[in-house]
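In our numbering, the protein residues as written are 199 to 671.
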């Protein structure tokens, strides 16, 4: 694979909805994970050797645990840990190898969100939380040993800035040069393009006092004319040869439907010991261009592929995969309550198709799903075919039988749908859709418009030949 040079920053190292990145380096290897939200399996762990080309390793969570936000992936005392919030408490899982197996989740019985781990110089372990709070951890990192205390007030955001509020969260910690550095998110994670940011503080003691950087904010969107909106939630990481980078997330202008993408940008350290974005840093990183992110699936393996996640459910009894077919037991009455099976689109423009066979009492389809209130796509039963739009179903057209090929073409948020009885001759559905508004600022939940399959009613749907392909703009 030829090696190419990165020529501009920030670099979108994971396109699509991969928010709240947490990254750690162990020797020559980098590992990263992200928020799972209401999808399961959760906490997908990635591996890279160059910070730009990432390969999925495994899901650390194999059950549905609710809404998982902003984890922290760390390596301490020869073991990997992921700290994460869900169900109004914080949990930890651990593994000897990043590829697993990972432990069952351990409830730390401490509230708050966005945990950030720190191993002090004296061996004491800390867990920092939103609103500038901290608790002490036991030596094994699997329980807390004291009550929450507040040790940091955040950076004072200028009153004239357009943000969603103070929103101090996402503390990410590191030790360097006799100081402990804390990179925090402030300003709110969506809303105005200029809302989000990453700010830096440092202290000689993990419990403070903390001094804010004179160069804050470290990362920020200054104008809605920029390509990347709501930049923030950063983690600093170094390379074996001493270079530094910040990994953070942002929405792409005009494509908030894709969610918050993972970006990377070089860092330099000032003479007075603060991190700052590196200017004119072209050519510091190399990429092979091989990310192994093919979302297509022929269902010939014994398990679901890494790309698939169920919405608000993970029931192993509900599906079977193998021999080129995914058998999916129907659930609910519509996409809203069917716990659809979803993957994360990577591109502004793409096309997806699939073959589905339904039982006599089943409806199924190919859809773009945001949440229960907001989805779009094409569905059918043995008796009719229909359009899904904004969570409602059109009157069905003439039935085409129990087996159909379905296709969705999303051309930069204009969605065109097709169906076919043989996968060769396609009929265009007469009504197209516009989905640019299917995102958090309109429907909440901090998630993205995902591509997937649903089956509702009673019985089973058989899915085969799922294909995803980017369209050149």
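Where is the CB? At the ideal position from N, CA and C, for every residue including glycine.
Everything numeric in this text was worked out from a predicted model, so none of it was measured.
Legend entry - Of the residues 397, 622 and 367, the one placed nearest residue 283, counting alpha carbons only: Numbered from its first residue, the chain shown carries residue 283 at position 85. Minimum Cα distance to residue 283 is reached at 367.
Inset, instruction - Sort 538, 237, 527 and 231 by Cα distance to residue 246 and report the nearest one. - result: Within the chain shown, residue 246 is the residue found at index 48, counting from 1. The candidate whose alpha carbon is nearest that of residue 246 is 231.
Legend entry - Three-state secondary structure (DSSP) of residue 619: For the purposes of this step, residue 619 is taken as the residue at position 421 of the chain shown. It is coil, neither helix nor strand.
Inset, instruction - Would you decide whether residue 202 is buried or exposed? Buried here means 16 or more other CB atoms lie within 10 Å of its CB. - result: Here residue 202 corresponds to residue number 4 of the chain shown, with the count starting at 1. The predicted model places residue 202 with a pLDDT of 49, which falls under 50 and marks its position as unreliable, so this point remains unresolved.
Inset, instruction - Check residue 663 in the structure and name its three-state DSSP category. - result: Indexing the chain shown from 1 puts residue 663 at position 465. The answer is strand: DSSP assigns residue 663 an E or B state.
Legend entry - Beta carbon of residue 636 nearer than 8 Å to that of residue 621: Within the chain shown, the letter at position 438 stands for residue 636. Within the chain shown, the letter at position 423 stands for residue 621. For residue 636 and residue 621, no; Cβs fall outside 8 Å.
Inset, instruction - Pick out whichever of 580, 671 and 279 has its Cα sitting closest to the Cα of residue 678. - result: This structure cannot settle anything about residue 678, because the visible part of the chain is limited to 199 through 671.
Legend entry - Cβ pair count under 8 Å reaching 3, the region 458-476 against the region 207-216: yes
Legend entry - alpha helix (DSSP H) segment containing residue 641, residue limits: Here residue 641 refers to the residue found at position 443 of the chain shown. Where residue 641 is concerned, the enclosing alpha helix (DSSP H) stretches over 638-641.
Legend entry - residue 199 to residue 251 span [Cα, whole Å]: As a first step, residue 199 must be located in the chain shown, where it is residue number 1. As a first step, residue 251 must be located in the chain shown, where it is residue number 53. Its pLDDT being 45, under 50, residue 199 is placed unreliably in this model, and the coordinates cannot settle the point.
Inset, instruction - Report buried or exposed for residue 531, applying the criterion of at least 16 other Cβ atoms within 10 angstroms of its Cβ. - result: Locating residue 531 in the chain shown gives position 333, counting from the first residue. Exposed is the call here.
Inset, instruction - Give the straight-line distance between the Cα atoms of residue 273 and residue 234, rounded to the nearest whole angstrom. - result: As a working mapping, residue 273 is identified with position 75 in the chain shown. As a working mapping, residue 234 is identified with position 36 in the chain shown. Approximately 20 Å, taken between the alpha carbons.
Inset, instruction - Under 7 Å Cβ to Cβ from residue 571, same chain only, skipping five residues before and after it: list those, please. - result: Locating residue 571 in the chain shown gives position 373, where the first residue counts as 1. Once the five neighbours on either side are set aside, the close Cβ partners of residue 571 are 589 and 641.
Inset, instruction - Compute the distance between the beta-carbons of residue 369 and residue 320, then report whether it is under 8 Å. - result: As a first step, residue 369 is located in the chain shown; it is residue number 171 there, counting from the start. As a first step, residue 320 is located in the chain shown; it is residue number 122 there, counting from the start. Not closer than 8 Å, so no.
Inset, instruction - For the region 556-571 and the region 511-519, state whether three or more C-beta atom pairs, one from each stretch, are separated by less than 8 Å. - result: no
Inset, instruction - On the DSSP bridge assignment, give the partners of residue 446 in chain order. - result: Looking up residue 446 in the chain shown gives position 248. Answer is 461.
Legend entry - Stretch-stretch touch, CB-based, cutoff 8 Å, three pairs: the region 386-403 with the region 490-497: no
Legend entry - Three-pair Cβ contact test at 8 Å for the region 358-365 versus the region 385-395: yes
Inset, instruction - Please classify residue 369: does DSSP put it in a helix, a strand, or coil? - result: Position 171 of the chain shown holds residue 369. Note: residue 369 maps to strand in three-state DSSP.
Legend entry - Own chain residues within Cβ distance below 6 Å of residue 659, not counting five before or after: Here residue 659 is taken as the residue at index 461 of the chain shown, counted from 1. Correct list, in chain order: 526, 554, 556, 560, 562 and 653.
Legend entry - Rounded straight-line distance, which links the Cα of residue 429 to that of residue 437: Within the chain shown, the letter at position 239 stands for residue 437. Within the chain shown, the letter at position 231 stands for residue 429. Each residue's alpha carbon lies about 23 Å from the other.
Legend entry - Cβ neighbours of residue 495 in the same chain (closer than 6 Å, five flanking residues each side left out): On the chain shown, residue 495 is found 297 positions in, with the first residue counted as 1. Counting only Cβ-Cβ distances below 6 Å, and skipping sequence neighbours, we find 503 and 664.
Inset, instruction - Please confirm whether residue 564 and residue 574 have their CB atoms less than 8 Å apart. - result: Locating residue 564 in the chain shown gives position 366, where the first residue counts as 1. Locating residue 574 in the chain shown gives position 376, where the first residue counts as 1. Cβ atoms of residue 564 and residue 574: not closer than 8 Å.
Inset, instruction - With a threshold of 7 Å, establish whether the CB of residue 622 neighbours any heavy atom of the ligand HEM. - result: Of ligands this structure carries none, so the ligand HEM is not represented either.
Inset, instruction - Check each candidate in 625, 671, 617 and 613 and name the one with the smallest Cα separation from residue 647. - result: Start at 1 with the first residue of the chain shown, and residue 647 comes out as number 449. The candidate whose alpha carbon is nearest that of residue 647 is 613.
Legend entry - Reference residue 506, options 242, 224 and 221, closest by Cα: Counting from 1 along the chain shown, the entry for residue 506 is found at position 308. Cα-wise, what sits closest to residue 506 is 242.
Inset, instruction - Assuming residue 666 contacts residue 548 (C-beta within less than 8 Å), just tell me the rounded distance between them. - result: Along the chain shown, one-based indexing puts residue 666 at 468. Along the chain shown, one-based indexing puts residue 548 at 350. That belief holds up - the Cβ atoms of residue 666 and residue 548 are roughly 6 Å apart, short of 8 Å.
Legend entry - Beta-carbon spacing of residue 330, residue 352 below 8 Å: For the purposes of this step, residue 330 is taken as the residue at position 132 of the chain shown. For the purposes of this step, residue 352 is taken as the residue at position 154 of the chain shown. Yes, they are a contact pair.
Legend entry - For residue 603, the first and last residue of its enclosing beta strand (DSSP E): To locate residue 603, count along the chain shown from 1; it is residue 405. Segment 601-609, the beta strand (DSSP E) holding residue 603.
Inset, instruction - Express the C-alpha separation of residue 291 and residue 333 in angstroms, rounding to a whole number. - result: Numbered from its first residue, the chain shown carries residue 333 at position 135. Numbered from its first residue, the chain shown carries residue 291 at position 93. The alpha-carbon atoms of residue 333 and residue 291 are separated by roughly 18 Å.
Legend entry - DSSP beta-bridge partners of residue 427: Counted from its first residue, the chain shown places residue 427 at position 229. According to DSSP, residue 427 bridges with 449.
Legend entry - Distance between beta carbons of residue 510 and residue 236, contact taken as under 8 Å: Here residue 236 is taken as the residue at index 38 of the chain shown, counted from 1. Here residue 510 is taken as the residue at index 312 of the chain shown, counted from 1. Between residue 510 and residue 236 the Cβ distance is about 5 Å, and since that is below 8 Å, they are a contact.
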